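*Asks:* First residue of the sequence shown? That's 65 in our numbering, and the numbers climb one at a time after it. Once you've had a glance at the structure underneath, I'll fire off some questions.
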Amino acid sequence: MASLSLGLLSLPAFVLAPACYIGVDNEDTFADSVGDDAGSGGEGQEGADGGEDEGAEELVDVDYAEPRLRILLGRQYVNSITDLLGPVAGLAASPRDDIALNGFDAVGASQLSMSDADVDTYESSAVAVAAAAMTDEGALDPYLVCTPSEPGDAECMASFVENFGFMAWRRQLDADELARWTAVGLDAALDYGDFESGLEFVIAGMLQSPYFLYQVEIGAPAPALGEGLRKLSGTELATRLSYFLLDTTPSRALLEAGEAGELDTAEGVRAWAEQLLADPRSRAAFQSYWEELLELRELGETAKDLELFPEWTPYLAESMKLETTTLIDEVMWIEDGDFRDILDADHTYVNQALADLYGVEFPGGSGFAKVELPASEGRGGIFGHAGLLSALAHVNSTSPTIRGKFVQERVLCTSIPPPPPNVVTDLPITDDAKTMRQRLEMHQEEPTCAACHLLMDPIGLGLENYDGIGRFRTTENGEPIDALSDLDGVAFEGAQQLGQAVRDKSRFSLCTVLNLYRHATGHVESGGEVDRLYEVDAAFIQSDYRLQGAIVELVASRAFRYVGEQQQ
65 MASLSLGLLS LPAFVLAPAC YIGVDNEDTF ADSVGDDAGS GGEGQEGADG GEDEGAEELV
125 DVDYAEPRLR ILLGRQYVNS ITDLLGPVAG LAASPRDDIA LNGFDAVGAS QLSMSDADVD
185 TYESSAVAVA AAAMTDEGAL DPYLVCTPSE PGDAECMASF VENFGFMAWR RQLDADELAR
245 WTAVGLDAAL DYGDFESGLE FVIAGMLQSP YFLYQVEIGA PAPALGEGLR KLSGTELATR
305 LSYFLLDTTP SRALLEAGEA GELDTAEGVR AWAEQLLADP RSRAAFQSYW EELLELRELG
365 ETAKDLELFP EWTPYLAESM KLETTTLIDE VMWIEDGDFR DILDADHTYV NQALADLYGV
425 EFPGGSGFAK VELPASEGRG GIFGHAGLLS ALAHVNSTSP TIRGKFVQER VLCTSIPPPP
485 PNVVTDLPIT DDAKTMRQRL EMHQEEPTCA ACHLLMDPIG LGLENYDGIG RFRTTENGEP
545 IDALSDLDGV AFEGAQQLGQ AVRDKSRFSL CTVLNLYRHA TGHVESGGEV DRLYEVDAAF
605 IQSDYRLQGA IVELVASRAF RYVGEQQQ
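This is the structure we're talking about:
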């Protein structure tokens, strides 16, 4: 097939500009203001917006994030190709690498520019995908519902363009688009002498378009709710829902529901969200989310000193990752229970490699098995999981600072500023400072370091009984380890007690909501959205911390279904 670039390269420059959104990025970060009472919300709420929107309450000069285009994440791109054109085409898909911003790939996808190399990547991928689809019998059947009478069969080509375009671009094509892409297909079919070549050119071209590569989240003015709000269209909301809950393109049924107005109310969105959460693909989508949030995704590529940690292998690292996602899967999906249980569960899931690392008896079998954890090591909950402890450590040592920073930022949404320039961060072992606690106490004597380290180090020091790959230990360099510490004045020692201390903080539930929102929308919450997220948090608490219920309330909230006006 000849080179084809009819999508990205022919569109207005703003599409490829930094951020790929309409307006200027000027969002306020809410994390700094999150306090222990932030999640109190209101009493007796039925949900985070009620059933109807128009006239529900007066909103004036609302500060919501601006309309934007958000490029598909790599896995979303591949999943979308697979769902559109089948597994053979999915194997040919080759997206650019994701780049995180503010801790999330989704934020990077909405704010970082597409380079010339990225454009080339998507052109090559689209051409390869189209060629692969043509070899897969039945891949085009959902779209090609006619039999062409000749290479130049305009009616049949238009039918294919209309059907494929609706699913690929996640909306109906307008008359000009339909005419343009029908002409592309017919020109290629006549040039090559067969109708199938025309189909291949249409597929390759439409998959390079921003309307496929980006989630379009522009909306339309919603004056009944006050100035500054734009309501996402039915198909825009269907797209946002599907990529958040399934990591893939919306089904025809969901798009048609959006067109029919089924997503115009909070109740309608709730009904569809519950249906999507019941789809097995939702569990896979959220597994990817937890791996990102908990910094487990790159664990298999993490380097460790093999003289100190001879057990460290890619297989062990992958086992660690699965331990954590399996526990979360149990709490979130199988039990649909109190999500805080992941913080202090007295059991976990291990295979033989993890059982050996933890010093527990493996029940047998080839996969993972549920085991009780010895109380003597205080390992309960995810803070005692070897994967988390390994990811939040150095090559040859632990890092209480990194571990504490993770808890503050990723679990409690407390913003920690970066260290001042030219600060020495090495902590050498000396005769007077053999343990990590002793070395950090000396480091904290530096005035420029003390304030921030006091927010992080005490948390991490409470985990010092677990070494750089999560093995339990009681000494360091021949000295006994003191792991007694505190979180905001609450004493704890070990992972399970830390989990219990975090469990009791209202910041945990609110931060769980904020993290989900940032991932779902590709931006850090702005002022007007915060009030709605408080309501979601209140519903989360009222549901006894059922995370599936919180997700349903999140997508039903105005913070998910609306965007702001473009700032001039």
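Cβ atoms here follow ideal geometry from the backbone N, Cα and C, with glycine treated the same way. Since the model is a prediction, treat every value here as computed from it, not as a measurement.
Tell me the DSSP secondary structure of residue 160 in three-state form.
*Replies:* Mapped onto the sequence shown, residue 160 falls at position 96. Coil, per DSSP.
*Asks:* Less than 8 Å between the CB atoms is what I'm expecting for residue 357 and residue 579, so what's the real figure, rounded?
*Replies:* For the purposes of this step, residue 357 is taken as the residue at position 293 of the sequence shown. For the purposes of this step, residue 579 is taken as the residue at position 515 of the sequence shown. Contact holds; Cβ gap of about 6 Å.
*Asks:* The beta strand (DSSP E) that contains residue 288, what's its start and end?
*Replies:* Taking the first residue of the sequence shown as 1, we reach residue 288 at position 224. Careful: residue 288 lies outside any beta strand (DSSP E) and carries neither H nor E.
*Asks:* Within the chosen definition, does the segment 184–200 reach the segment 236–250 through at least 3 CB pairs nearer than 8 Å?
*Replies:* no
*Asks:* Count the other CB atoms within 10 Å of the CB of residue 284; is the residue buried (16 or more) or exposed (fewer)?
*Replies:* Position 220 of the sequence shown, counted from the first residue, corresponds to residue 284. Classification of residue 284: exposed, given that the 10 Å Cβ count is below 16.
*Asks:* Is it the case that the Cβ atoms of residue 577 and residue 597 are separated by a distance below 8 Å?
*Replies:* As a position in the sequence shown, residue 577 is number 513, starting the count at 1. As a position in the sequence shown, residue 597 is number 533, starting the count at 1. Going by C-beta atoms, residue 577 is nearer than 8 Å to residue 597.
*Asks:* Beta-carbon separation of residue 587 and residue 247 under 8 Å?
*Replies:* Along the sequence shown, one-based indexing puts residue 587 at 523. Along the sequence shown, one-based indexing puts residue 247 at 183. In this structure, residue 587 sits away from residue 247, with a CB-CB distance that is not shorter than 8 Å.
*Asks:* Does the count of Cβ pairs from the segment 544–551 and the segment 425–437 closer than 8 Å reach three?
*Replies:* no
*Asks:* Would a C-beta distance cut-off of 8 Å place residue 391 and residue 346 closer than the cut-off?
*Replies:* Residue 391 sits at position 327 when you count from the first residue of the sequence shown. Residue 346 sits at position 282 when you count from the first residue of the sequence shown. Taking 8 Å as the Cβ cut-off, residue 391 and residue 346 do not qualify as a contacting pair.
*Asks:* Can you tell which of 187, 553, 231 and 413 has its C-alpha closest to the C-alpha of residue 204?
*Replies:* Within the sequence shown, the letter at position 140 stands for residue 204. Comparing Cα-Cα distances from residue 204 to each of 187, 553, 231 and 413, the minimum goes to 231.
*Asks:* Just reading off the alpha helix (DSSP H) that residue 255 is part of, what are its end residues?
*Replies:* Counting from one through the sequence shown, the residue named residue 255 turns up at place 191. That run of the alpha helix (DSSP H) goes 239–256.
*Asks:* Quick check: the segment 334–342 against the segment 609–621, are at least 3 beta-carbon pairs closer than 8 Å?
*Replies:* yes
*Asks:* For the alpha helix (DSSP H) containing residue 413, name the first residue and the last one.
*Replies:* Residue mapping note: residue 413 aligns to position 349 of the sequence shown, counting from 1. Element bounds for residue 413: not the alpha helix (DSSP H) but the beta strand (DSSP E), 411–414.
*Asks:* Compare the C-beta of residue 198 with all C-beta atoms of chain C and state if any pair is closer than 8 Å.
*Replies:* Here there is only one protein chain, and chain C is not present.
*Asks:* Run the CB neighbour count on residue 261, radius 10 Å, all protein chains shown included, and call it buried at 16 or more, exposed below.
*Replies:* Position 197 of the sequence shown holds residue 261. The residue in question, residue 261, is buried, as its Cβ has 16 or more Cβ neighbours within 10 Å.
*Asks:* Along the beta strand (DSSP E) that carries residue 128, what are the first and last residues, could you check?
*Replies:* Taking the sequence shown and counting its residues from 1, the one referred to as residue 128 is at position 64. From DSSP, residue 128 is part of no beta strand (DSSP E); its letter is neither H nor E.
*Asks:* What residue range is occupied by the uninterrupted alpha helix (DSSP H) comprising residue 229?
*Replies:* Mapped onto the sequence shown, residue 229 falls at position 165. From DSSP, the alpha helix (DSSP H) with residue 229 extends over 218–233.
*Asks:* Hey, quick one: how far does the beta strand (DSSP E) through residue 214 stretch, first residue to last?
*Replies:* Locating residue 214 in the sequence shown gives position 150, where the first residue counts as 1. Premise fails: residue 214 is in no beta strand (DSSP E) and is neither H nor E.
*Asks:* Could you tell me which whole alpha helix (DSSP H) segments of length 4 or greater appear in the segment 302–326?
*Replies:* 316–323
*Asks:* Mapping DSSP to helix, strand and coil, what is residue 630?
*Replies:* Taking the first residue of the sequence shown as 1, we reach residue 630 at position 566. Of the three classes helix, strand and coil, the one that applies to residue 630 here is coil, per DSSP.
*Asks:* For residue 206, which residues does DSSP report across the bridge?
*Replies:* Looking up residue 206 in the sequence shown gives position 142. According to DSSP, residue 206 bridges with nothing at all.
*Asks:* Relative to the alpha-carbon of residue 385, which residue among 199, 460 and 355 has its alpha-carbon at the smallest distance?
*Replies:* Start at 1 with the first residue of the sequence shown, and residue 385 comes out as number 321. The option with the nearest alpha carbon to residue 385 is 355.
*Asks:* By Cβ distance, which residues of its chain are closer than 7 Å to residue 627, with the 5 residues on each side in sequence left out?
*Replies:* Along the sequence shown, read from residue 1 onward, the residue named residue 627 stands at position 563. Closer than 7 Å at Cβ, skipping near neighbours: 128, 129, 130, 131, 281, 283, 294 and 296.
*Asks:* Contact defined as beta carbons within less than 8 Å: I believe residue 149 pairs with residue 163. What is the distance between those atoms, to the nearest angstrom?
*Replies:* Counted from its first residue, the sequence shown places residue 149 at position 85. Counted from its first residue, the sequence shown places residue 163 at position 99. Going by Cβ atoms, the distance from residue 149 to residue 163 rounds to 26 Å, so no, they are not a contact pair.
*Asks:* Thinking just about the alpha-carbon of each residue, which of 319, 218 and 308 is nearest to the one in residue 624?
*Replies:* For the purposes of this step, residue 624 is taken as residue 560 along the sequence shown, with counting starting at 1. Among 319, 218 and 308, the Cα nearest to that of residue 624 belongs to 308.
*Asks:* Which residue marks the beginning of the alpha helix (DSSP H) containing residue 437, and which one marks its end?
*Replies:* Position 373 of the sequence shown, counting from 1, holds the residue named residue 437. Looking at the DSSP string, residue 437 is not in any alpha helix (DSSP H), and its letter there is neither H nor E.
*Asks:* Any contact between the segment 462–481 and the segment 518–526? By contact I mean 3 or more CB pairs, one from each, below 8 Å.
*Replies:* yes
*Asks:* Within 10 angstroms of the Cβ of residue 581, are there 16 or more other Cβ atoms? Answer buried if so, exposed if not.
*Replies:* Taking the sequence shown and counting its residues from 1, one reaches residue 581 at position 517. Buried: at least 16 other Cβ atoms inside 10 Å.
*Asks:* Helix, strand or coil for residue 279, going by three-state DSSP, please let me know.
*Replies:* Here residue 279 is taken as the residue at index 215 of the sequence shown, counted from 1. Here residue 279 carries a strand assignment [DSSP, helix/strand/coil].
*Asks:* What do you reckon, is the C-beta of residue 427 under 7 Å from a heavy atom of the ligand FAD?
*Replies:* What this structure holds is no ligand at all, so the ligand FAD is not there to describe.
*Asks:* Could you tell me how far apart the beta carbons of residue 330 and residue 620 are, in whole angstroms, since I believe they sit closer than 8 Å?
*Replies:* On the sequence shown, position 266 is the one that residue 330 refers to. On the sequence shown, position 556 is the one that residue 620 refers to. Between residue 330 and residue 620 a beta carbon distance of about 4 Å is seen, short of the 8 Å cut, so the two are scored as contacting.
*Asks:* For residue 101, I'd like the list of residues in its chain whose CB is within less than 7 Å of its CB, leaving aside the five on either flank, ordered along the chain.
*Replies:* For this step, residue 101 is matched to residue 37 along the sequence shown. Because residue 101 carries a pLDDT of 40, less than 50, the predicted location of this residue cannot be relied on, and the following value inherits that uncertainty. 570, listed in sequence order.
*Asks:* On the DSSP bridge list, what partners appear for residue 165?
*Replies:* Within the sequence shown, numbered from 1, the residue matching residue 165 stands at position 101. 168.
*Asks:* Which of helix, strand or coil does DSSP assign to residue 104?
*Replies:* For the purposes of this step, residue 104 is taken as residue 40 along the sequence shown, with counting starting at 1. Confidence in residue 104 is poor, its pLDDT being 38 and thus under 50, which makes the residue's placement unreliable; the coordinate value appears in the next sentence. Residue 104: coil per DSSP, three-state reduction.
*Asks:* Does the beta-carbon of residue 209 have 16 or more other beta-carbons within 10 angstroms, so that it is buried, or is it exposed?
*Replies:* Looking up residue 209 in the sequence shown gives position 145. Its Cβ having fewer than 16 others within 10 Å, residue 209 is exposed.
*Asks:* Using DSSP's beta-bridge definition, name the partner residues of residue 295.
*Replies:* Indexing the sequence shown from 1 puts residue 295 at position 231. In DSSP, residue 295 forms a bridge with 284 and 626.
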